[in-house]
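Asks:
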Amino acid sequence: MGDYLTTLLITVGIYTILSLSLNIIVGYAGQISLGHAAFWAIGAYSFAVLTTKYSIPFVEAAFFSIVITTLVGIFLGLPSLRVSEDFLAITTIGINFIVQGIFNSFDYFGGAMGIGNIPFPTMHGDMISNNTFLFITYLLVALTIIISYIFKVSWAGLASFAIKDDELAADVSGISPVIFKLLSFAIGSALAGLAGILYASFMGFISANDFSFPVSVAILAMVMVGGEGTILGPIFGAFLLILLPEFFRPIHSYRMFLYGILLVLMMIYQPNGFFGKKGIVWSMIKKS
Amino acid sequence: MEKNIIEIKNLKVRYENIQALNNATLNVRKGECVTIVGANGAGKSSLLKAVMGFNKTDEGNIIFNNQNIENLPTYKRAALGISFVPEGARVFPKINVLGNLLLGAYKEKDKEKIIERLDYIYSLFPRLKEREKQLAGTLSGGERQMLAMARALMGKPLLLMMDEISLGLMPKLVDMVFEVVEELHKSGITILLSEQNAHKAAEVADRIYILELGKITKETDKEGLLNDPYIKKAYLGK
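Structure (structure tokens):
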């Protein structure tokens with residue numbers, strides 16, 4: 001497989017993990033988040049710092065990066081206990097700016113220069129090929145899908161859906177909004193951390209600008225375009241929104257313009273996403 | 001005499017400058033059906049919400065099953081055995097009827113007990129069995145009210161509180177809902193209702209509290225309610 005196609009598919013895989021992880025927070029628990037790139041960044045930077053500054057081996061660094069991202073995710077999920085909807089959206093935007101600002105300003109995190117020389121995975125002392133990395137990426141995509149599915153059909157998933165549907169009614173049924181909101185932030189941020197490790201390792205260099213607010217918006221768009229609360233939707237959304245600009249490349253002067261128009265039309269005519277209720281793709285699958 | 005399931009003592013609740021509850025005191029004994037009757041804005045919903053933990057109490061005590069609960073969060077009060085049917089039949093609209101009912105038994109881990117309770121609920125509300133797979137948001141107003149009550153019962157509560165269950169329902173449905181309340185009462189469930197409809201309150205209640213401007217002004221029984229000249233004039237339109 002050519003390098004371009006491999007890189008493109010790895011990018012799609014990383015964004016699929018990101019959109020599925022955000023779907024757990026937004027689609028299952030109903031906590032709107034416009035700062036998901038912050039969790040992605042924390043995963044990537046934790047891995048970069050642990051491997052380059054402390055020479056911690058790849059697997060151990062990956063493990064600790066996920067733990068760090070999960071803990072920070074729970075901490076950053078705390079505002080969701082006090083604010084909701086548009087207020088939570090603004091709060092999460094603020095979190096994205098703060099996290100990006102910290103990574104951009106502190107020399108410890110490389111400042112504006114970012115962090116380079118992040119290790120690529122090795123096997124028997126040799127760097128693995130891009131195709132092997134692609135295979136690992138999609139194994140992790142499969143793992144993310146399995147986690148999403150288990151969460152969705154579990155009691156915890158039902159409780160999270162209930163909180164999303166009517167928090168007061170959930171509360172009087174003995175379902176703790178505190179526990180399940182934080183649980184969704186914990187799982188969502190852990191998976192975003194995983195995406196961060198993949199990204200940092202594959203790119204070999206990261207800077208704070210990679211995790212800016214527009215990236216968070218793009219991840220949320222993937223979830224909404226595909227269909228929040230579904231599993232196929234965010235996967236489809238990630239593929240569509242990463243691949244579309246590539247298809248428009250021949251008319252590259254207009255590609256972001258066309259991409260924007262498509263998003264607007266999509267939200268007008270398919271507000272629940274392609275795989276959501278009355279979604280065009282989902283309806284076609286059901287008919288066939 | 002049966003012991004108190006809940007005792008509310010000198011409860012004060014304030015919304016900014018409005019005193020919603022002012023030294024409200026009442027009790028409900030095990031197996032009783034007690035109704036709080038009052039006009040709009042008297043503080044009925046505020047009282048039930050304070051018991052459930054939605055309203056912060058300024059002063060007073062709420063003792064449930066010999067335990068002070070006024071500082072507990074809502075879900076912990078629910079876990080202790082208080083079920084609440086809020087005004088307006090709050091169901092989970094995007095979850096089907098069965099899912100709604102299962103969520104009511106969230107704390108119960110024994111599958112056999114859950115199935116037993118489901119059978120009991122379906123015997124009380126056969127309509128819900130027919131609509132088991134339907135999304136709750138597509139049910140009629142009356143069916144939603146039934147579902148909200150059924151979900152509350154799935155938790156096998158020690159105290160079932162219901163806020164204005166007749167509100168917005170057509171008369172036939174109101175009768176049906178109160179028939180269920182009567183049946184629940186006969187089966188030994190302890191019930192605390194808030195109701196504007198004093199006729200209906202009299203039909204089902206063992207004791208009735210009259211709540212006016214946040215204060216309990218009278219405690220009476222069914223006969224007392226129907227024969228009191230002031231109550232007849234103020235609440236029964238006679």
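Protein sequences appear in the order of chains G and V. The opening residue of the first sequence carries number 1 in this note's numbering; numbering runs sequentially from there. The opening residue of the second sequence carries number 1 in this note's numbering; numbering runs sequentially from there. Backbone N, C-alpha and C fix where the C-beta goes; we use that ideal spot for every residue, glycine too. Small disclaimer: the values here were computed from a predicted structure and weren't measured.
What are the boundary residues of the alpha helix (DSSP H) that includes residue 219(V)?
Replies: Where residue 219(V) is concerned, there is no enclosing alpha helix (DSSP H), although the beta strand (DSSP E) it sits in stretches over 215–221.
Asks: Can residue 215(V) and residue 50(V) be called in contact, C-beta distance under 8 angstroms?
Replies: no
Asks: To the nearest angstrom, how far is it from the Cα of residue 164(G) to the Cα of residue 103(V)?
Replies: 13 angstroms
Asks: So if DSSP puts residue 131(G) in a beta bridge, which residue, or which two residues, is it bridged to?
Replies: Its beta-bridge partners do not exist; DSSP assigns none.
Asks: Quick check: what's the CA-CA separation for residue 179(G) versus residue 185(G)?
Replies: 10 angstroms
Asks: If you draw a straight line from the C-alpha of residue 243(G) to the C-alpha of residue 12(G), how long is it?
Replies: 8 angstroms
Asks: Please confirm whether residue 98(V) has its beta-carbon closer than 8 angstroms to some beta-carbon of chain G.
Replies: no
Asks: Residue 52(V) versus chain G: which residues are under 9 angstroms apart at the beta carbon?
Replies: 171 and 172
Asks: Could you give the DSSP three-state label for residue 31(G): helix, strand or coil?
Replies: coil
Asks: Going straight from the alpha carbon of residue 79(V) to that of residue 162(V), what length do you get?
Replies: Roughly 17 angstroms between the two C-alpha positions.
Asks: Are the segment 257–268 of chain G and the segment 4–20 of chain V touching by the rule of at least three beta carbon pairs closer than 8 angstroms?
Replies: no
Asks: Look up residue 230(G) in the DSSP assignment and say whether it is helix, strand or coil.
Replies: In this structure, residue 230(G) counts as coil in the three-state DSSP scheme.
Asks: Tell me which residues of the segment 110–141 of chain V have at least one Cβ-Cβ distance to chain G shorter than 8 angstroms, keeping chain order.
Replies: none
Asks: When we look at the beta-carbon of residue 191(V) and count the other beta-carbons within 10 Å, is it buried (16 or more) or exposed?
Replies: buried
Asks: Please report the distance separating the alpha-carbon of residue 98(V) from that of residue 25(G).
Replies: 24 angstroms
Asks: With distance defined between alpha-carbon atoms, name the residue in 239(G), 144(G), 120(G) and 125(G) nearest to residue 133(G).
Replies: 120(G)
Asks: Please confirm whether residue 165(V) has its beta-carbon closer than 8 angstroms to some beta-carbon of chain G.
Replies: no
Asks: So, does the segment 134–148 of chain G touch the segment 25–42 of chain V, judging by three or more C-beta pairs under 8 angstroms?
Replies: no
Asks: Give, in chain order, every unbroken run of the alpha helix (DSSP H) that is at least 4 residues long and sits entirely within the segment 217–276 of chain G.
Replies: Every alpha helix (DSSP H) stretch that sits fully inside the segment 217–276 of chain G and reaches 4 residues is listed by chain position as 232–247 and 255–269.
Asks: From residue 90(V) to residue 152(G), what distance separates their C-alpha atoms?
Replies: 22 angstroms
Asks: Compare the C-beta of residue 175(G) with all C-beta atoms of chain V and state if any pair is closer than 8 angstroms.
Replies: yes
Asks: Could you tell me which chain G residues have their CB closer than 8 angstroms to the CB of residue 103(V), listed as they occur along the chain?
Replies: Neighbours of residue 103(V) on chain G, chain order: 158, 159, 162, 170, 173 and 175.
Asks: Report the three-state DSSP secondary structure of residue 161(G) (helix, strand or coil).
Replies: It is helical.
Asks: Just the chain G side, please: which residues come within less than 7 angstroms of residue 95(V) by C-beta, in chain order?
Replies: 161, 162 and 165
Asks: On the three-state DSSP scale, how would you describe residue 92(V)?
Replies: coil
Asks: Confirm, please, whether the CB-CB distance from residue 166(V) to residue 133(V) is below 8 angstroms.
Replies: no
Asks: So residue 288(G) is in the alpha helix (DSSP H); what residue range does that whole segment cover?
Replies: No alpha helix (DSSP H) contains residue 288(G), which DSSP labels as neither H nor E.
Asks: Does DSSP put residue 100(G) in a helix, a strand or coil?
Replies: helix
Asks: So what does DSSP say about residue 163(V), is it helix, strand or coil?
Replies: Residue state, collapsed to three classes: strand.
Asks: Is the CB-CB distance between residue 4(V) and residue 27(V) below 8 angstroms?
Replies: The beta carbons of residue 4(V) and residue 27(V) sit closer together than 8 angstroms.
Asks: State the start and end residues of the unbroken alpha helix (DSSP H) segment that holds residue 44(V).
Replies: Taken as a continuous stretch (DSSP letters only), the alpha helix (DSSP H) holding residue 44(V) covers 44–52.
Asks: Considering only DSSP beta bridges, list what residue 144(V) is partnered with.
Replies: Looking at the DSSP assignment, residue 144(V) forms no beta bridge with any residue, so it has no partner.
Asks: Between which two residues does the beta strand (DSSP E) containing residue 9(V) stretch?
Replies: 4–15
Asks: Quick one: which chain G residues come within Cβ less than 8 angstroms of residue 155(V)?
Replies: Below the 8 angstroms Cβ cutoff, chain G contributes 173 and 174 as neighbours of residue 155(V), in chain order.
Asks: Please list the partners that residue 144(V) has in chain G, where partner means a Cβ-to-Cβ separation under 8 angstroms.
Replies: Those do not exist, as residue 144(V) stays about 11 angstroms from chain G at its closest Cβ, beyond 8 angstroms.
Asks: Quick test of your reading: residue 225(G) and residue 273(G), contact by CB under 8 angstroms. State the CB separation rounded to the nearest angstrom.
Replies: Between residue 225(G) and residue 273(G) the beta-carbon gap is near 6 angstroms, inside 8 angstroms, which marks them as a contact.
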